[in-house]
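First up is the structure itself, then whatever we jot down about it.
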Amino acid sequence: MTRFKSLIALSSMLGCLLCNQSQAQNFADTGFTAEVVTTLPAYQPVGLAWAADGRMFIWQEKGVVRIYKNGALLPTPFLDISSRVNTVNDRGLLGLALDPNFASNGYVYLLYTYEPNGNPNDAAPKTARLTRMQANPTNPDVALTNSEVVLLGSIGTAPCSQYPAGSDCIGNDTDSHSADTLRFGPDGKLYVSLGDGASYNFADPLALRSQDLNSYNGKILRINADGTAPSDNPFYDGNPTSIRSRVYAYGLRNPYRFGIHPTTGEVMIGDVGWTAWEEINRGRGANFGWPCYEGNNPQNSYQNNFAQCRALSASAVTKPLFVYDHSAGGGAVIGGAFYTATQFPAQYRGNFFYGEYVGQYINRMVFDASNNLLSVVRFASNVGGVVSLEQGPDGALYYIELVSGQVRRLRYTTAPSTPIAVASATPTSGASPLTVTFSSAGSKDPGGSALTYLWDFGDGTSSTAANPVHTYTSTTTKTFTAKLTVTNTQGVSASATVAITIGLQAPIATITSPPNGQKFKVGTTITFAGTATDPDGVLTASSFSWQVLLHHNDHVHPYTTATGTTGSFVIENHGLPNETIFYEIILTVTDSSGLKDVKRVTVNVSKARVKGAAQ
5 MTRFKSLIAL SSMLGCLLCN QSQAQNFADT GFTAEVVTTL PAYQPVGLAW
55 AADGRMFIWQ EKGVVRIYKN GALLPTPFLD ISSRVNTVND RGLLGLALDP
105 NFASNGYVYL LYTYEPNGNP NDAAPKTARL TRMQANPTNP DVALTNSEVV
155 LLGSIGTAPC SQYPAGSDCI GNDTDSHSAD TLRFGPDGKL YVSLGDGASY
205 NFADPLALRS QDLNSYNGKI LRINADGTAP SDNPFYDGNP TSIRSRVYAY
255 GLRNPYRFGI HPTTGEVMIG DVGWTAWEEI NRGRGANFGW PCYEGNNPQN
305 SYQNNFAQCR ALSASAVTKP LFVYDHSAGG GAVIGGAFYT ATQFPAQYRG
355 NFFYGEYVGQ YINRMVFDAS NNLLSVVRFA SNVGGVVSLE QGPDGALYYI
405 ELVSGQVRRL RYTTAPSTPI AVASATPTSG ASPLTVTFSS AGSKDPGGSA
455 LTYLWDFGDG TSSTAANPVH TYTSTTTKTF TAKLTVTNTQ GVSASATVAI
505 TIGLQAPIAT ITSPPNGQKF KVGTTITFAG TATDPDGVLT ASSFSWQVLL
555 HHNDHVHPYT TATGTTGSFV IENHGLPNET IFYEIILTVT DSSGLKDVKR
605 VTVNVSKARV KGAAQ
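Mind the numbering: the sequence shown is residues 5 to 619 in my numbering, read in order.
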C-alpha cells in the first residue's frame with residue numbers, strides 16, 4: 005500500500021481528529037505557534053511556492069494551481085490542466101517551480117503524470133512530463149492557457165519499455181513513485197526528482213531503472229531552464245540532451261520531496277522507503293543504491309531475485325546521511341527545507357527541517373560549522389499528514405497538511421512579525437494638475453498588530469492617512485514614486501511603492517464589438533474588436549491585448565487570449581441549461597510609455613443552441 009493515500013481510510017475513522025490539528029500541534033520548544041493560512045479541498049494541495057511580490061502559489065494534485073494574494077485565496081485558478089493530469093493514488097501534479105526571473109518572464113514549471121486520454125482515474129501505465137507555462141503579462145494572476153511547452157517526457161504513450169533505451173520517456177508504470185519535486189538552486193539550474201515508477205507490492209524489475217543512467221526513473225536531475233544538461237553535471241557525456249547528461253544523483257526509490265540550501269546549493273533528498281527504512285541523502289553524482297540497498301542494508305528481495313543487485317558492491321553505494329526505520333513511528337519521509345531566516349531563534353539557523361507523513365511530526369537536523377550532522381531532534385509533533393515544507397518570505401515555516409487541505413504557518417511568537425505593505429493609486433497618470441487617490445488596502449500585520457501609515461508622495465510632501473488624496477503638479481513630463489511605509493506596534497516596518505506619471509496620458513480604449521450585455525446562442529462565433537487613441541503617440545496592433553473569461557456559477561475559467569485589434573471565440577455549452585454562464589471580454593491597451601487603459605464587456609448566453617453546434 006502506498007504511503008500518501010493509505011491514511012485516507014484511517015482519517016475517515018478518526019473523524020475530525022486530523023481536521024483540527026492546527027489547534028493540537030505540540031512543539032518541543034516554547035515560543036512557537038501554528039496558524040491556518042488558508043484551506044483548499046481535502047487531499048488536494050500538495051505544494052507551495054512564492055513569487056517575489058509575495059503571492060503564494062499552491063498547487064493541487066488534480067492539476068490546478070491557486071494563488072493566495074493579499075490575505076485571500078483568489079477565486080480564479082492560476083491554471084487548470086486537470087484534463088491532462090492522471091491522479092490515481094499518488095499520481096498527479098506534484099511539482100511546481102517559479103523561474104528565477106518569474107517577475108519578468110512569467111515562466112512556471114510543472115511536473116506531473118500525463119493522462120493522454122483525458123481520464124484522470126485511469127490506473128494503466130502512464131508517463132510523466134516536465135513542462136513550462138507562462139503567466140499572462142496583462143494579468144499575472146492567470147496563466148496563458150495555450151502556453152504549455154514540454155521540456156522533458158515528450159513521449160506520452162506508456163510503457164517506456166517499448167521505446168529504445170535513452171528515449172525521452174519518464175515511466176510511471178504503477179500508481180506511485182512518480183514525478184515528484186521541482187526546485188531551482190542558487191546556481192540557476194532546475195532540479196527534478198523522479199521516482200522509480202515501479203510496483204510497491206513486489207520486487208519489480210522496473211525498479212532496476214534507478215540504477216540505469218539511460219533512464220530518468222529513480223533520479224535527481226539537474227538541468228538548464230530549457231531542459232538541456234549543464235556541461236558541469238557529474239555524468240555529462242558531451243550530449244546536452246542525453247538522459248545521463250542530465251543526471252545529478254541516482255539509485256532512488258521515491259524522492260518525493262527534497263530541499264536545496266539557498267546559499268551553498270546543497271541538495272538534501274528525502275527518499276521514501278519500502279519495507280523498513282526511510283532515508284535522507286545528499287551527494288552530487290552519488291548512487292544511493294535502490295533497489296539493491298535500502299537504508300544501510302542490502303534489500304533482500306531484490307538481492308535474491310536479481311543478479312544485477314548481487315553484483316553491486318556496497319562500496320559503490322553512498323550511504324544515507326540519516327536513516328530511521330518504520331518501527332520508530334514513521335513510514336514516509338518528506339524532505340523539506342533549510343532554515344536560513346531570522347524569525348526563529350539563532351539555534352535554528354542552518355537546520356534542515358523534514359516532515360514525516362505517517363508519523364505526523366517535523367524534525368530538524370543540526371549541523372556543525374563543517375556541515376557534519378550533529379543531531380536530529382523533534383521540532384513539532386501531531387502536525388497531521390505533512391506533504392510539503394517550505395521557509396516563507398516572512399521567515400516562518402509553512403507546510404501543507406494533506407488530510408485537511410490546509411496551508412499552515414509555524415512561527416516564533418515572541419519575535420515581532422513583519423507587516424505586509426500594499427500600495428495602489430487611481431489614476432496613475434494624466435495631465436497636470438493630477439489628483440490621485442491612494443489606497444493601502446491589503447496592507448496588514450500577520451501577527452494582528454495595528455499599523456500606522458506614512459505616505460511619501462515623492463514631491464516633498466507626505467501624509468499619515470491610510471488612504472490619502474494628493475494633487476501633483478509639474479510643468480514637464482515627470483514620474484513621481486509614491487512610497488507607503490507601514491509600521492506595527494513592535495516598530496517593524498515594510499514598504500511598497502506606486503509610480504505616478506504627470507504629463508503623459510494613458511491611452512483611451514474602446515470595445516466596438518460586441519455590445520455590452522448582448523445575448524448569443526451556444527455555438528455562435530463571437531468576433532470582438534476594439535479601437536484606441538493615445539494623446540502622446542501612435543498605437544500599434546501589439547498595443548492591444550485581449551483576455552476572455554468564462555464565468556461559471558461562482559467561479560471563473562480563463563478562456564482565451566489574443567493580441568491585435570480583433571479576435572474571436574466560440575460560445576460553448578458549459579453546463580447549460582442547469583448552470584449559469586457568461587463571458588467577460590477584457591481589452592487592455594498599453595502605450596509606448598507603459599501606460600494602460602482597460603475596458604470590459606460581458607456576453608450573455610442563451611439556453612437555445614445554434615443548429616448543428618457541437619454537444
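For glycine and all other residues, C-beta sits at the position ideal for the given N, C-alpha and C.
Just so you know, these numbers come straight off a predicted model, no measurement behind them.
In terms of DSSP beta bridges, what is residue i paired with?
i: residue 171; result: Residue 171 pairs with nothing; no bridge assigned.
i: residue 549; result: 567 and 592
i: residue 138; result: 111
i: residue 366; result: 359 and 384
i: residue 535; result: 514
i: residue 476; result: 438
i: residue 42; result: 411
i: residue 247; result: Partner(s): none; residue 247 has no beta bridge.
i: residue 133; result: 116
i: residue 176; result: 130
i: residue 523; result: 608
i: residue 429; result: 442
i: residue 1; result: Coverage of the chain is limited to positions 5 through 619, which leaves residue 1 absent and any answer about it impossible.
i: residue 394; result: 402
i: residue 460; result: 466 and 487
i: residue 338; result: 359
i: residue 314; result: DSSP output for residue 314 lists no bridge partner at all.
i: residue 223; result: 198 and 254
Let me make sure I understand the geometry here. Which of the options has the alpha-carbon closest to that of residue i?
i: residue 319; options: 472, 301 and 453; result: 301
i: residue 526; options: 573, 536 and 499; result: 573
i: residue 201; options: 438, 131 and 609; result: 131
i: residue 418; options: 506, 213, 494 and 214; result: 494
i: residue 474; options: 482, 460, 480 and 164; result: 460
i: residue 397; options: 446, 44, 378 and 59; result: 59
i: residue 104; options: 187, 92, 401 and 317; result: 187
i: residue 506; options: 485, 57 and 383; result: 485
i: residue 591; options: 523, 185 and 142; result: 142
i: residue 502; options: 508, 381, 430 and 247; result: 430
Would you report the Cα separation of residue i and residue j, rounded to the nearest angstrom?
i: residue 38; j: residue 32; result: 13 angstroms
i: residue 639; j: residue 403; result: Nothing about residue 639 can be reported from this structure: the residues present for the chain run from 5 to 619 only.
i: residue 605; j: residue 519; result: 7 angstroms
i: residue 497; j: residue 339; result: 33 angstroms
i: residue 533; j: residue 581; result: 29 angstroms
i: residue 547; j: residue 537; result: 11 angstroms
i: residue 290; j: residue 223; result: 10 angstroms
i: residue 244; j: residue 311; result: 32 angstroms
i: residue 600; j: residue 135; result: 31 angstroms
i: residue 607; j: residue 568; result: 20 angstroms
i: residue 530; j: residue 585; result: 15 angstroms
i: residue 375; j: residue 323; result: 16 angstroms
i: residue 328; j: residue 156; result: 33 angstroms
i: residue 81; j: residue 563; result: 12 angstroms
i: residue 83; j: residue 249; result: 31 angstroms
i: residue 46; j: residue 65; result: 11 angstroms
i: residue 295; j: residue 407; result: 30 angstroms
i: residue 481; j: residue 438; result: 12 angstroms
i: residue 279; j: residue 145; result: 43 angstroms
i: residue 435; j: residue 511; result: 13 angstroms
i: residue 412; j: residue 226; result: 30 angstroms
i: residue 602; j: residue 513; result: 7 angstroms
i: residue 169; j: residue 220; result: 11 angstroms
i: residue 52; j: residue 566; result: 30 angstroms
i: residue 234; j: residue 228; result: 6 angstroms
i: residue 609; j: residue 588; result: 11 angstroms
i: residue 210; j: residue 447; result: 53 angstroms
i: residue 133; j: residue 161; result: 11 angstroms
i: residue 117; j: residue 212; result: 20 angstroms
i: residue 99; j: residue 109; result: 19 angstroms
i: residue 18; j: residue 556; result: Low local confidence applies: a pLDDT of 32 at residue 18 is under 50, so the model's placement there is unreliable, and no value is given.
Under the criterion of a Cβ to heavy atom distance below 6 angstroms, does residue i qualify as lining the ligand MN?
i: residue 493; result: Summarising the ligand content, the structure contains no ligands, and the ligand MN is consequently not present.
Residue ranges of each beta strand (DSSP E) run of no fewer than 3 residues wholly in the stretch 254–283, ordered along the chain?
-> Counting whole runs of 3 or more residues, the stretch 254–283 contains the beta strand (DSSP E) stretches 261–264 and 271–275.
Are the stretch 529–544 and the stretch 584–598 in contact at 8 angstroms, needing three or more beta carbon pairs?
-> Verdict: yes, contact present.
What residue ranges within the stretch 51–112 form continuous alpha helix (DSSP H) runs of no fewer than 4 residues, ordered along the chain?
-> Counting whole runs of 4 or more residues, the stretch 51–112 contains the alpha helix (DSSP H) stretches 106–109.
So does the stretch 187–204 actually touch the stretch 257–275, counting three or more Cβ pairs closer than 8 angstroms?
-> Short answer: they touch.
Which parts of the stretch 148–220 are runs of the beta strand (DSSP E), unbroken and 3 residues or longer, counting only runs that do not cross its ends?
-> If we require 3 residues or more, the beta strand (DSSP E) runs fully inside the stretch 148–220 come out as 153–156, 174–176, 183–188 and 194–198.
Do the stretch 443–457 and the stretch 477–493 meet, that is, are 3 or more Cβ pairs less than 8 angstroms apart?
-> At 8 angstroms Cβ cutoff, the stretches touch.
Is the stretch 240–258 touching the stretch 179–189 in the sense that three or more CB pairs, one from each, lie closer than 8 angstroms?
-> Judged by Cβ distances under 8 angstroms, the stretch 179–189 makes contact with the stretch 240–258, as three or more pairs qualify.
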